[in-house]
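**Student:** Numbering (this note's numbering), first residue to last: 1 to 314.
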């Protein structure tokens, strides 16, 4: 591919592909629990931990639990003051916060860990969700020094909520590219290189992300460096085929994740390939006639030849 689709066609195709994904800041939805969608498109809570979502984002649902002010925790509020809300999802929200001592700004991802049907005053966190929140914070801390990965800053946990403080980024990768006057292979190569450096770095640190997609990359100042974020589905590597469980976002899932033989870190490389296709051409490589989750997964399993995108040149 020598050129991308014309700018207007690219934007139209790409926005259509991701129309149901209004990227929230750093995956502000359920890091500890995910949503799956029925064929009607209505969200429902998964019976399995961290179940897959056919949506372009694992975040969907109401914002009933989170307003413009975040749930108070004494030691968190002693150290940080809230500037405003950056985004929200069904199970949490992300706030722009300022460190009281230095006035430096960060992003705080706050997740409601209480059972959905028992979120009254004084309700306790579900122990499994609490453990998953701790795991996400521990994984992000372990890869915080990897180039092009969002930086871990702080973590707080109380009976009902988790507070993950991290580097604040200026915008999503998608919103930056949306304003780009024209995309070519040459102009997007530095972005793809930084995305790959992040993936390679976390793999060297023994972590598999399992939800690589364009909306999980942010752009941070200064310099506009790309940062990989949202480690809510990440886990420790268990060798070449030691991982099991179907998690992530349907269009970006690798065939081996859909099998019963297990998988490893290569699922992130496959997802990066799908993301590259979407960024360059404005469409996903696997687009079955029936636009349902089962049809899409069947196409990925069978390895159907990806369809050419309108407006792309060979």
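From the three backbone atoms N, C-alpha and C, an ideal C-beta is built for every residue, glycine too.
1. Can you look up residue 301 in the DSSP assignment and give me helix, strand or coil?
2. Under 8 Å: do the segment 250 to 265 and the segment 159 to 177 share three or more Cβ pairs, one atom per stretch?
3. Taking Cβ to Cβ, would you say residue 135 is nearer than 7 Å to residue 212?
4. So the candidates are 137, 133 and 225; which of them puts its Cα closest to the Cα of residue 171?
5. What span of residues does the beta strand (DSSP E) with residue 105 cover, start to end?
6. What residue range does the alpha helix (DSSP H) around residue 83 cover?
7. In terms of alpha-carbon separation, which member of 218, 281, 78 and 116 lies closest to residue 230?
8. According to DSSP, is residue 265 part of a helix, a strand, or is it coil?
9. Is residue 141 helix, strand or coil by DSSP?
10. In the DSSP output, which residue or residues are listed as bridge partners for residue 235?
11. Suppose the cutoff is 8 Å on Cβ atoms and the five residues either side in sequence are ignored; what does the same chain contact list for residue 208 look like?
12. Would you call residue 128 buried or exposed, if buried means 16 or more other Cβ atoms sit within 10 Å of its Cβ?
13. Using the Cβ count rule (16 or more neighbours within 10 Å means buried), how would you classify residue 102?
14. Could you check which residue in 199, 189, 91 and 185 has the C-alpha nearest to that of residue 144?
15. Among the candidates 169, 132, 194 and 188, whose CA atom is the shortest distance from the CA of residue 108?
16. Quick check on the burial criterion: 16 or more other C-beta atoms within 10 angstroms. Buried or exposed for residue 260?
17. Just the C-alpha distance for residue 87 and residue 158, rounded to the nearest angstrom, thanks.
18. Just confirm the distance between the C-beta atoms of residue 99 and residue 79, as a whole number of angstroms; I'd bet it's less than 8 Å.
**Tutor:** Quick answer:
1. Of the three classes helix, strand and coil, the one that applies to residue 301 here is helix, per DSSP.
2. The answer is no - the segment 159 to 177 does not touch the segment 250 to 265, with fewer than three Cβ pairs under 8 Å.
3. Taking 7 Å as the Cβ cut-off, residue 135 and residue 212 do not qualify as a contacting pair.
4. Residue 225 is the option with its Cα nearest to residue 171.
5. Residue 105 -> beta strand (DSSP E) spans 105 to 112.
6. Annotation for residue 83: no alpha helix (DSSP H) segment contains it, though the beta strand (DSSP E) segment containing it runs 80 to 88.
7. Among 218, 281, 78 and 116, the Cα nearest to that of residue 230 belongs to 218.
8. DSSP places residue 265 outside both helix and strand once states are collapsed to three, so it counts as coil.
9. Residue 141: helix per DSSP, three-state reduction.
10. According to DSSP, residue 235 bridges with 208.
11. Within the same chain, and ignoring the five residues on either side of residue 208 in sequence, the residues whose Cβ sits closer than 8 Å to its Cβ are 202, 234, 235, 236, 237, 243, 264, 265, 267 and 268.
12. Classified as exposed, residue 128 has fewer than 16 neighbouring CB atoms from the shown chains inside 10 Å of its CB.
13. Flag for residue 102 reads exposed.
14. Among 199, 189, 91 and 185, the Cα nearest to that of residue 144 is on 199.
15. The residue with the shortest Cα to Cα distance from residue 108 is 169.
16. Residue 260 is exposed by the Cβ-count criterion.
17. So the alpha carbons of these two residues sit roughly 22 Å apart.
18. With a Cβ gap of about 7 Å, residue 99 and residue 79 count as contacting.
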